[in-house]
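Working notes, beginning with the structure itself.
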Amino acid sequence: MELARVLGRVSCSVKYPTLEGVRLLVIQPVEHDETPVGDPVVAADALQAGPGDLVSWVTGREAALTLPNTYAPVDVGIVEIVDHAWGDRSLL
Amino acid sequence: MELARVLGRVSCSVKYPTLEGVRLLVIQPVEHDETPVGDPVVAADALQAGPGDLVSWVTGREAALTLPNTYAPVDVGIVEIVDHAWGDRSLL
Amino acid sequence: MELARVLGRVSCSVKYPTLEGVRLLVIQPVEHDETPVGDPVVAADALQAGPGDLVSWVTGREAALTLPNTYAPVDVGIVEIVDHAWGDRSLL
Amino acid sequence: MELARVLGRVSCSVKYPTLEGVRLLVIQPVEHDETPVGDPVVAADALQAGPGDLVSWVTGREAALTLPNTYAPVDVGIVEIVDHAWGDRSLL
Amino acid sequence: MELARVLGRVSCSVKYPTLEGVRLLVIQPVEHDETPVGDPVVAADALQAGPGDLVSWVTGREAALTLPNTYAPVDVGIVEIVDHAWGDRSLL
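Protein chains in written order, with our numbering: chain F, 1 to 92; chain R, 101 to 192; chain H, 201 to 292; chain V, 301 to 392; chain E, 401 to 492.
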């Protein structure tokens with residue numbers, strides 16, 4: 001799981017049928033201190049997150065477990081809206 | 101899931117049997133503002149996408165879920181033809 | 201599996217239901233000589249590890265196997281609290 | 301899925317039992333224009349590919365689907381011998 | 401699958417129960433010509449490999465297939481002790 005900031009949305013005209021009704025967000029992975037990490041990805045959202053929210057997300061088969069139809073071909077999913085994340089690098 | 105621009109096709113003489121009839125496209129992963137990200141990959145396509153289309157794609161076990169034979173050995177699949185994607189980096 | 205040093209925690213207001221009660225830690229991947237590797241990630245913890253501990257962690261479907269509800273959408277999990285790790289680079 | 305050029309072979313004295321009889325090839329991932337990408341990997345081969353062939357390969361659980369024993373611990377598998385791949389970067 | 405040289409071991413006081421008795425080795429991924437690739441990882445070993453051995457390893461769900469308890473939360477596993485690997489880069 002990683003943290004990310006929600007940046008925007010994706011809209012589609014042609015979808016694989018089990019993706020009908022699934023909301024897709026553009027998210028930018030970030031560290032716990034909100035430094036961006038890597039490139040934005042597209043995530044399925046079942047928690048009604050929106051642009052500006054800090055979220056945590058999973059990849060792979062686990063992503064579809066958050067959707068009503070768990071056989072949907074989804075590999076990135078939002079699982080939490082995060083209040084607060086902290087880490088102390090001096091422990092390294 | 102990530103976005104990608106379809107660039108071309110792959111044709112094969114010898115295939116694992118459950119891949120017969122599966123269309124394979126060369127796609128270039130891109131960000132929501134269409135900046136290319138990383139290297140092109142080969143994706144299975146069940147939505148009749150073609151060169152020039154903007155698509156979203158998944159990896160892993162989920163990719164084969166879009167095919168008639170879900171036991172096909174496929175790990176990248178196109179799941180949507182995208183109309184529009186946007187993201188606001190000022191939210192970071 | 202990789203090693204990591206636990207740096208901190210994540211707290212959330214909105215969670216996917218099967219994640220209720222799952223502790224989430226911010227961990228920094230490290231090598232066996234404790235050199236940091238890559239960026240911190242968020243891991244589910246079922247072993248009561250805490251900030252400062254050296255742990256080993258897994259990704260993907262295996263991560264959820266450590267939780268009471270193995271269908272939880274989790275893709276990074278702590279599986280061991282490590283006493284000691286060593287490696288001899290002169291073997292290369 | 302990605303494309304790769306077959307470079308060589310791997311031979312082993314001690315194998316996990318379900319890998320008996322599985323041919324292993326050293327392959328170099330390449331792009332559709334045959335530019336090498338990343339480092340060589342070791343792939344299971346059920347199609348009788350050989351050094352010099354251009355192939356497409358999958359990772360993860362899908363790789364073992366090409367083998368007689370689908371429970372073999374294999375995570376890279378060759379699924380096609382490729383005749384031709386093309387892509388038009390001017391579509392970006 | 402990738403090749404690796406075994407460098408050392410990991411010992412743990414607290415383990416997820418299904419990991420009891422599973423040997424863990426520190427391995428350095430290498431190419432077929434033994435050039436190191438990336439960072440060392442921790443791998444489960446069911447073949448009695450030891451420091452100095454050249455091995456091949458798999459990631460993900462396949463890794464646990466080599467263990468007595470295939471539900472163990474393991475994502476890197478050693479599947480072969482390698483005698484010889486060769487590849488001819490002039491084929492590129």
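Backbone N, C-alpha and C fix where the C-beta goes; we use that ideal spot for every residue, glycine too.
Run through chain V and tell me which residues come within less than 9 Å of residue i, C-beta to C-beta.
i	result
R123/R	The contacting residues do not exist; R123/R stays about 12 Å from chain V at best.
T459/E	T359, G360, D375
Name, in chain order, the residues that DSSP records as bridge partners for residue i.
i	result
P436/E	V430/E
D45/F	R23/F, I78/F
A272/H	Looking at the DSSP assignment, A272/H forms no beta bridge with any residue, so it has no partner.
T366/V	Paired residue(s): none; T366/V is not in a bridge.
G487/E	G308/V
T459/E	V476/E
L303/V	V330/V, S356/V
Name the chain F residues whose beta carbon is nearer than 8 Å to that of residue i?
i	result
G208/H	H32, A85, W86, G87, D88
L247/H	Those do not exist, as L247/H stays about 17 Å from chain F at its closest Cβ, beyond 8 Å.
G250/H	By Cβ distance, chain F contributes nothing, its closest Cβ being about 10 Å from G250/H, past 8 Å.
Output, in chain order, the set of chain F residues within a Cβ distance shorter than 7 Å of residue i.
i	result
V242/H	M1, E2, L3, S56
Quick one: which chain R residues come within Cβ less than 9 Å of residue i?
i	result
A363/V	P173, D175
Using a C-beta to C-beta distance shorter than 7 Å, which residues of chain H count as neighbours of residue i?
i	result
D439/E	E231, V237
List the residues of chain R that residue i touches, going by C-beta distances under 8 Å, in chain order.
i	result
T366/V	Y116, P173
Please report the Cβ distance between residue i and residue j, rounded to the nearest whole angstrom; I am assuming they are in contact, meaning their Cβ atoms lie under 8 Å.
i	j	result
E462/E	A364/V	7 Å
A444/E	V474/E	4 Å
V55/F	A49/F	5 Å
V442/E	L424/E	5 Å
R209/H	W57/F	The pair is not a contact, with the Cβ atoms about 17 Å apart (cut-off 8 Å).
G260/H	G452/E	Going by Cβ atoms, the distance from G260/H to G452/E rounds to 29 Å, so no, they are not a contact pair.
V322/V	M401/E	Incorrect: roughly 10 Å between the Cβ atoms, too far for contact.
Flag residue i as yes when its Cβ comes closer than 7 Å to any non-hydrogen atom of the ligand PLP, and as no otherwise.
i	result
I327/V	Only the bare structure without any ligand can be found here, which leaves the ligand PLP out of the picture.
Using a beta-carbon distance cut-off of less than 8 Å, what residues from the stretch 75–91 of chain F approach chain H? G77, V79, E80, I81, V82, D83, H84, A85, W86, G87, D88, R89, L91
Does the contact criterion of 3 or more C-beta pairs under 8 Å hold for the stretch 270–288 of chain H versus the stretch 327–341 of chain V? no
Is it the case that the stretch 223–230 of chain H contacts the stretch 205–213 of chain H, given that we only count it when at least three CB pairs across the two stretches are under 8 Å? yes
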